[in-house]
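Written out below as structure tokens is the structure these notes cover.
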Amino acid sequence: MTDVTQAERAAWLRDTLNEHIYRYYILNAPIITDGEYDRLYQELVALEEADPTLITPDSPTQRVSSDLQEDLPKVRHAAPILSLSNAFNAGDLRRWEERNLRLLPPNTQLNYVVEPKLDGLTIVLTYENGFLRSGATRGNGEIGDDVTANVRTLKTIPLRIPVQRNSLSAPARLVVRGEVLILKEDFKKLNEEQAARGHAIYVNARNTASGSLKQKDPRITAQRPLTAFVYDLIDSSDPIPSTEWECLEYLRQLGFNLVPDCEHYPDLDSLAAALDKWEARRHAFPFETDGIVIKIDQVALRRELGVVGKDPRGATAFKFPSEEATTRLLDVTINVGRTGKVTPTAVLEPVFVSGVTVSSATLHNYEVIRELDIRLGDRVIVKRSGEVIPYIIGPVEGARIGSETLIQPPTHCPFCGAPLVQPSGAVDLFCPNPRCPERVFRSLEFFVSRQAMDIENVGPQTIRQLIAEGKITRESDLFTLTTDDFKGLEGFAERKIANALAAIEAAKQRPLPQVLASLGIDGVGGVVAATLAAEFQSIDALIDTCVRVRQAVETFKQIAAPLSQGLNSPEAVRAAERLVNPLLDLVPRYADAADVEKRLTRLLKPLLDERPDAPIFDLSAALTDVIAAARPLLAITGLGGVLINAIVAWFSDEDNIALIRAMQAAGVTMQSQQAAALADTFNGLTFVITGTLSVPREQIEQLITSHGGKVSGSVSKKTSYVVVGESPGSKYDKALTLGVPILSEADLRKMASSP
Ligand code: IVH
């Protein structure tokens, strides 16, 4: 290339990059992905480095980026908060090392420290005499937003160092740098909670973390699951260790949360050999990462190398291949799940992203489509990260040609025609028809799948056919299918029918946790199912608890409902919202509280200020009853309010209980092996029930039959026991006359549970 073309190329890159910056930051309408931008930017950096006369004042490399927010106080950083240059392959890294070696004494051997590159928000923390004095964002690198009050709400940021008493003493002044982010697991949970409350989900963890940290009210920050990691020692009044590796260890000893999995390499060859391994691990980290940061280990050499523009020479970011690509949105199809939830799905022009061809992506719900302003025919940015289903980050607004059309939410279920509903405050649309063929299909499809009951030889196609032929409408129907039911189904000859029936028969013996996890209850996967089975031992006991909790919740709601009418202050309205479903928040919060009434009074103060006559005593008594009823669920570690609510809702629903009963009748395992050992305690015994019991009579009958006993309607000499509830009828008198032994409900339960 001649000088002229290099200058031309540099000019073109400058103009192009400046155009993209304008589109991104001012128009909010980028037309290329971050990865594509990075590549162009790097090309310009390389040209300018090779020939510094190419640098012009309007070059984007001369710009110090800023994320300052107008309404927050400002702080000046002790030292410039630098950025990092990028490398995309081993060749880039070698050139980076060669450039550095040229600036250092001959025969210098560079060592390296590598750590995952966190995709969050930079934070600068200043400690004076061991106490956290300030927390600031990067801002423009020199001046940052003062977010001290917000930073103080993060448990991963020590308020005093050293956190544990050890031989270290805190320097008079210490400045460290790190990143604030939301862990993948926390982000998932946050969105599950948002969804359970019917609120809009957050599309992007990084923006959510950033927005959370820049709140004006630290109480809002405190509610967000933010985590901070520290990765750099910027300044200290004490001498610091001579290597990066030791600096990290020193920060760890002081009690900081260090970026996990850092590694040390004696030279670039060993590091280059490990690049594939780092990339293979990228999705195994608990946080989002788009690369690794490589730092020269020798602190003195790093200092000597200094800075180019805003990047230190002594460190660089190695970027993994982009997981984003742009493509065209061809259509939006509608999925209806087993709960009736409507999920719009994008049909995309096939595009290659991180190793696979993507042709569809989830759009979550119509609120997301509206907020992102995605239109049919748009070019869209697709991201595919790890195992996660590809999703759309947003449209490329600058690429619109005017023929794109708005996406209207459907009004009716495309499968059954039922008018769709949107529960108040919810963002999702639902098909309310429990007999909707698609809902039925989706729940049965899941039920037979490998992750559920694992019924081999009965796949989605077979399920579709069986539904179409009217042979099955719910899970329990599978267990009563006969050879005749399969005859005539496409592809089912004698052999295949026998295999399917054998697989169904075998599935009846699946252990209780597997059965529980197969029911498709929101949030109840293998782990939760196993703990439920261990705690309750049988589905009957679980249903029993859930029915009681539901009743106690109803009572609570009756007392609470009138309190939410006609409130004035937003605080009072917020307080009233906490009463709408006590299982979500109040019950787990006060599960172990000694004085529920006092704490509830404090919590509801804004409401009680407007309603001094509110029956707070009755309310707290009702809440105490809910807590008592929910005790067995609260005893299980890891079950939060959202999950407890989902479990109670499912197992207290009449249709669901009927389904369980039908499966039980067909011989499906409904108790743990331990409980099964007690299953024949009533073998050969006949019981008669009279009077009102604490639970519906069917449940007592169920208790008897599930333990091998028989229930009869009338008392005779052959009756083994009469179970007597409140206000018993004539059967009680007859039992006395005939001398048949009498049992209370409690006696019966005791007999049932002792082998
Ligand atoms: S070290 C002087 N280590 O990535 C170099 N930075 O794209 C100090 N980042 O602005 C940075 N993870 O905010 C370092 N493990 C890590 C990092 C990390 C994320 C950020 C950092 C920087 C940006 C550059």
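Using numbering that gives the first Met the number 0, read the sequence shown as starting at 0 and increasing by one per residue. Backbone N, C-alpha and C define an ideal beta-carbon position, used for all residues, glycine too. Bear in mind that the values here come from a model prediction, so they are computed numbers and not experimental data.
Just confirm the distance between the C-beta atoms of residue i and residue j, as a whole number of angstroms; I'd bet it's less than 8 Å.
i    : j    : result
I30  : A398 : 5 Å
L375 : I406 : 6 Å
T344 : V352 : In fact, because the Cβ distance is near 16 Å, the residues do not count as touching under 8 Å.
T623 : V595 : 5 Å
S384 : E455 : That belief does not hold up - the Cβ atoms of S384 and E455 are roughly 32 Å apart, past 8 Å.
I391 : L362 : 6 Å
W244 : D296 : 6 Å
Straight-line CA distance for residue i to residue j?
i    : j    : result
D453 : R630 : 32 Å
E278 : F319 : 7 Å
I626 : A574 : 19 Å
I25  : E18  : Since pLDDT at I25 reaches only 49, below the 50 mark, its modelled position is unreliable, and the value read off the structure follows with that caveat. Rounded to whole angstroms, I25 to E18 spans 10 Å at the Cα level.
S423 : G339 : 16 Å
I659 : E396 : 51 Å
A664 : A745 : 25 Å
R434 : I333 : 18 Å
D33  : R598 : 49 Å
E504 : K486 : 18 Å
F687 : T718 : Position check: residue 687 holds Val in this sequence, whereas Phe was assumed. The alpha-carbon atoms of V687 and T718 are separated by roughly 7 Å.
A169 : N128 : 6 Å
D144 : V346 : 42 Å
D671 : Q450 : The question names Asp, yet the displayed sequence has Ser at residue 671. When rounded, the distance between both Cα atoms is 19 Å.
I755 : L603 : An answer regarding residue 755 cannot be provided, because it is not within the stretch 0 to 754 covered by the chain.
D287 : L182 : Reading off the sequence shown, one finds Glu at residue 287, where the question assumed Asp. Each residue's alpha carbon lies about 7 Å from the other.
L212 : P285 : 20 Å
I538 : A648 : 14 Å
P59  : L16  : 7 Å
A661 : H411 : 32 Å
V379 : D37  : 19 Å
R748 : A506 : 29 Å
T55  : V307 : 15 Å
Nearer than 6 Å: is that true of the beta carbon of residue i relative to any heavy atom of the ligand ZN?
i    : result
V258 : The model on display carries the ligand IVH but not the ligand ZN.
Got a sec, what are the start and stop residues for the beta strand (DSSP E) residue i sits in?
i    : result
A86  : S84 to A86
E114 : Y111 to L117
L328 : E323 to V335
Y720 : Y720 to V723
Y126 : L120 to E127
D231 : T226 to S235
T242 : Note, T242: premise wrong, no beta strand (DSSP E); not H, not E.
A135 : F130 to T136
L173 : R172 to L180
Say the cut is 6 Å; is the CB of residue i nearer than that to a heavy atom of the ligand IVH?
i    : result
S82  : yes
V44  : no
A314 : yes
Y589 : no
K116 : yes
T155 : no
T121 : yes
Y390 : no
Y230 : yes
P311 : yes
V307 : no
V175 : no
V292 : yes
E178 : yes
On the DSSP letters alone, give me the boundaries of the alpha helix (DSSP H) that residue i sits inside.
i    : result
I558 : I538 to A559
I615 : I615 to L633
A148 : T147 to V150
I30  : That residue, I30, is in no alpha helix (DSSP H); it is neither H nor E in DSSP.
T736 : S729 to L737
Compare the C-beta of residue i against all C-beta atoms of chain D and say whether one is closer than 7 Å.
i    : result
A676 : Looking for chain D here will not work: only one protein chain is present.
Three Cβ pairs or more, each shorter than 8 Å: is that satisfied between the stretch 546–562 and the stretch 216–232?
no
Would you be able to state if there are at least three C-beta pairs under 8 Å between the stretch 470–484 and the stretch 664–673?
yes
contact_flag[the stretch 227–237, the stretch 678–687] where n(CB pairs < 8 Å) is 3 or more
no
Measuring CB atoms only, is the stretch 48–59 touching the stretch 108–116, in the sense that at least three cross pairs come out at less than 8 Å?
no
Per the contact definition of three or more C-beta pairs closer than 8 Å, is the stretch 131–150 in contact with the stretch 194–206?
no
Give a yes or no on contact between the stretch 581–595 and the stretch 639–649, applying the rule of three or more CB pairs nearer than 8 Å.
yes
Can we say the stretch 531–540 touches the stretch 499–514, given the rule of at least three CB pairs closer than 8 Å?
yes
Does the stretch 120–127 come into contact with the stretch 162–178, if we say contact requires no fewer than three beta-carbon pairs (one atom in each stretch) closer than 8 Å?
yes
Do the stretch 288–308 and the stretch 235–252 make contact, defined as three or more Cβ pairs closer than 8 Å?
yes
Is it a yes or a no for the stretch 72–87 touching the stretch 257–277, going by three-plus beta-carbon pairs under 8 Å?
no
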